[in-house]
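Asks:
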Amino acid sequence: MLQQYQNILVPVDGSKVTEEVLKRGIEVAKRNNTHLDILNVLEVNQFSDTYGGAVSGDVIYKLSEDVQKRLEELKQEAIDAGVSDVEMHVRFGNPKTVIAREFPADHHNELIMIGSTGLSAVERLMVGSVTTYVSRNAVCDVLIVKPDK
Numbered sequence: 001m002l003q004q005y006q007n008i009l010v011p012v013d014g015s016k017v018t019e020e021v022l023k024r025g026i027e028v029a030k031r032n033n034t035h036l037d038i039l040n041v042l043e044v045n046q047f048s049d050t051y052g053g054a055v056s057g058d059v060i061y062k063l064s065e066d067v068q069k070r071l072e073e074l075k076q077e078a079i080d081a082g083v084s085d086v087e088m089h090v091r092f093g094n095p096k097t098v099i100a101r102e103f104p105a106d107h108h109n110e111l112i113m114i115g116s117t118g119l120s121a122v123e124r125l126m127v128g129s130v131t132t133y134v135s136r137n138a139v140c141d142v143l144i145v146k147p148d149k
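For the sequence shown, UniProt numbering gives the first residue as 1, with consecutive numbering after it.
Here's what the structure looks like:
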């Protein structure tokens, strides 16, 4: 029996694989005539660590505003490609748990399409891969998109 997904989540992080992941997510959403959620998770802790705990609300507001603009562009890309039902979301928190559990539980996603990596080898070693966590702990199916070589 062919799995028919009605609600697909594509988390994006602005890395090089974002464009490829979204492109494939758009293809699957069109083929299934389904709803597409585009999600960016902002991890506020990463800024407080980087800037010695002195992150103002202004910095976070500006960052979320920039992310919102970029998500609008990605949403328009999906619409232009023929996806009629698409929403964009910004969440604050730990990307691993937000993507794997919290967001899909709230939005009833049946498939998460995620890039194989957005981190360098050193970053993966230090913080662990979000993709690895999501693939092991997600509340729904996960499709890992490998970027074209």
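Every residue gets a Cβ at the ideal spot worked out from N, C-alpha and C, and that includes glycine.
1) By Cβ distance, which residues of its chain are closer than 7 Å to threonine 131, with the 5 residues on each side in sequence left out?
2) Using only alpha-carbon positions, find the residue among Arg101, Ile8, Asp141 that is nearest to asparagine 32.
3) How many Å lie between lysine 146 and threonine 18 at the Cα?
4) May I have a chain-ordered list of the beta strand (DSSP E) segments no shorter than 3 residues that lie completely inside the UniProt domain "UspA" (5-146)?
5) Take every Cβ of the segment 71-82, pair it with every Cβ of the segment 21-28, and state whether three or more of those distances are shorter than 8 Å.
6) Applying the 10 Å Cβ sphere with the 16-neighbour rule, what's the burial state of tyrosine 5?
Replies: Taking the structure as given:
1) Ile114, Gly115, Ser116, Thr117, Ile144
2) Ile8
3) 11 Å
4) 7-11, 35-42, 86-92, 111-115, 141-145
5) yes
6) buried
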